[in-house]
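Inspection log for the structure reproduced underneath, given as C-alpha cells.
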Amino acid sequence: MPDNFHFAYPLVIMLLPLPVLVYWLLPAIKNRSSALRFPYFNRATVVADQKPKKASYVKKRSVLAWLVMYSIWCLLLLALASPELVGKPEKKIKTSRNFLIAADISFSMANTDWAIDGKQTTRWAAVKDIMKDFVKERKSDRLGLLFFATNAYVQAPFTSDLNTVSVMLDEADVGMAGQMTNIGKAIVKGMDMFQRDTIPNKVMLILTDGVDSGMEILPLDAANLAKKDSTVIYTIGIGDPTSRDSDLDERTLQDIAEMTDGKYFRAKDTEALQNIYKELDTLEPIEYEEESYTPKTLLYYIPLGLALALSALAIAINFIILIIKRFKST
1 MPDNFHFAYP
11 LVIMLLPLPV
21 LVYWLLPAIK
31 NRSSALRFPY
41 FNRATVVADQ
51 KPKKASYVKK
61 RSVLAWLVMY
71 SIWCLLLLAL
81 ASPELVGKPE
91 KKIKTSRNFL
101 IAADISFSMA
111 NTDWAIDGKQ
121 TTRWAAVKDI
131 MKDFVKERKS
141 DRLGLLFFAT
151 NAYVQAPFTS
161 DLNTVSVMLD
171 EADVGMAGQM
181 TNIGKAIVKG
191 MDMFQRDTIP
201 NKVMLILTDG
211 VDSGMEILPL
221 DAANLAKKDS
231 TVIYTIGIGD
241 PTSRDSDLDE
251 RTLQDIAEMT
261 DGKYFRAKDT
271 EALQNIYKEL
281 DTLEPIEYEE
291 ESYTPKTLLY
301 YIPLGLALAL
311 SALAIAINFI
321 ILIIKRFKST
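Counting from 1, one number per residue, gives the positions in the sequence shown under full-length UniProt numbering.
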C-alpha cells in the first residue's frame with residue numbers, strides 16, 4: 001500500500017459488523033406455505049407415513065451466499081469511505097493586482113539608435129525584446145497591454161495568461177496608433193480598463209520617448225484622476241534627452257510618477273531598461289497566496305465497480321439455478 005493512500009471517511013469501516021448484528025437481533029422473515037385443513041389430519045399423516053410441515057418457514061441460505069452478500073457489503077463500505085491517493089501540497093499563485101503596460105508606438109519609436117547583442121535595432125524592437133522577459137516574471141499579476149500614439153487602444157485586456165500577453169505584444173508595431181504621442185489619452189484609457197475590473201490594486205507602467213502632443217487631455221490632469229482612483233503610475237523615458245534626435249519630456253513623466261506615488265526611470269539603452277525592470281520587481285514584488293491545495297485522486301469507483309460486478313454475477317447464478325430447478329421439475 002503506498003504511503004499516500006488514505007480514506008477520506010475511515011469511520012465508515014465501523015459499519016462492517018452491522019449485517020451480523022441485524023441477523024442476531026431482528027427476527028427472521030417467515031414465508032407462508034399453502035395448507036389444507038380436513039378431518040382426521042393426524043391419522044392421514046400416519047397412514048401416508050409423512051411428517052407434517054409447518055404453515056410458515058424460514059428460507060435458509062448457503063454459506064457461499066452469505067459470503068457473497070457480506071463481500072458486497074464490505075465493498076460498498078470501502079467505496080463510501082472514499083479511498084484516495086493524496087499528493088504533495090502545492091502553492092497556489094494568487095492574483096494580487098492589475099498591472100497595465102502602456103507603451104508608446106509613435107513613429108519616433110522606429111529610430112534605430114538602440115542595440116541588441118551588438119546589432120543596431122529600433123527602440124520599439126529593443127523594448128519588446130526586454131519587455132517579454134518582464135512579462136513572464138509577473139506570474140501573480142493580471143497583465144494588460146495598452147498602446148498609444150495619436151490614439152490609445154487596448155491590445156490585451158487584463159488576463160493571467162501571460163503567454164497570450166507576450167503574443168499580443170509581439171504582434172504590435174510602430175505606427176499602429178498614429179504618429180504623435182498622447183500620454184494623457186493613454187492614462188485615461190488605462191483608468192477606464194481599471195474601472196471595468198474588480199481587483200483594487202492597480203499599477204500602470206508608461207513607456208514613451210516623446211513629448212505629449214495631445215490637446216484634449218493634459219497628462220497631469222489625467223494623472224490627477226489616477227491619483228484619486230489610487231492608481232500607481234511608473235514612467236519610463238526612452239532615449240537620451242541630451243541627444244539632438246530626442247524630444248523626451250522628462251519633467252512631465254517625473255510629475256506623473258510623483259503625483260501617483262510612483263517613480264520615474266530613464267532608459268538610454270537596453271542594459272538600462274533591463275535594470276529598470278529589475279527595480280520594478282523590487283518595488284512591486286510578486287506575491288503568492290499563503291494557502292496551499294493538496295491534489296487528490298479518488299479511488300471509490302474501484303470497490304464500487306467490484307460490488308456491482310459481484311452483485312450482477314450473484315443474480316445471474318441464482319437465475320440459472322432457478323431455471324435448472326424448473327426444468328428438472330417438469
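Each residue gets a CB set at the ideal place from its N, CA and C atoms; glycine is no exception.
What is the DSSP secondary structure of residue i, reduced to helix, strand or coil?
i    : result
V50  : Checking the sequence shown, residue 50 turns out to be Gln, not Val. Reduced to three states, the DSSP call for Q50 is coil.
K296 : strand
G144 : strand
D117 : coil
V203 : strand
Y264 : strand
E84  : strand
Q254 : helix
P157 : strand
A8   : coil
N163 : helix
A152 : strand
I'd like the list of long-range same chain contacts for residue i, defined as Cβ closer than 7 Å, with 5 residues on each side in sequence excluded.
i    : result
L306 : L75
M180 : S106, A149, T150, S213
S71  : L310
E84  : H6, A8, K296, T297, L298, L299
A172 : I105, F147, Q155
First and last residue of the alpha helix (DSSP H) that includes residue i?
i    : result
P303 : 301-329
R196 : Per DSSP, R196 belongs to no alpha helix (DSSP H) and is neither H nor E.
D133 : 123-137
P219 : 219-228
P19  : 18-25
K278 : 270-283
Taking its Cβ as the centre, do 16 or more other Cβ atoms sit within 10 Å of residue i, making it buried, or is it exposed?
i    : result
S230 : exposed
K189 : buried
N4   : exposed
Y264 : buried
I256 : buried
D104 : buried
I13  : exposed
A223 : buried
W24  : exposed
F327 : exposed
D192 : exposed
D197 : exposed
So, for residue i: in the same chain, excluding its five sequence neighbours on each side, which residues have a beta-carbon less than 8 Å away from its beta-carbon?
i    : result
T252 : I183, V211, D212, P219, L220
I130 : T270, L273, Q274, Y277
W114 : Q120, T121, T122, R123, A125, A126, D269, T270
L15  : L77
G178 : S106, A149, T150, N151
Within the same chain, show all residues whose beta-carbon is closer than 6 Å to that of residue i, passing over the 5 residues directly before and after it, in chain order.
i    : result
L304 : A79
T235 : I206, L253, I256, A257, Y264
I321 : none
In terms of residues, what are the limits of the beta strand (DSSP E) holding residue i?
i           : result
D245        : Unbroken run through D245: none, as it is neither H nor E.
T231        : 231-238
residue 332 : In the structure displayed, the chain extends from 1 to 330; residue 332 sits before or after that span and is not available.
D104        : 97-104
On the three-pair Cβ rule with 8 Å, is the segment 191-209 touching the segment 235-254? yes
Using 8 Å as the threshold, is the segment 154-168 in touch with the segment 210-228, meaning 3 or more CB pairs across them? no
Specify whether the segment 136-154 and the segment 110-126 touch according to this definition: at least 3 beta carbon pairs, one from each stretch, less than 8 Å apart. no
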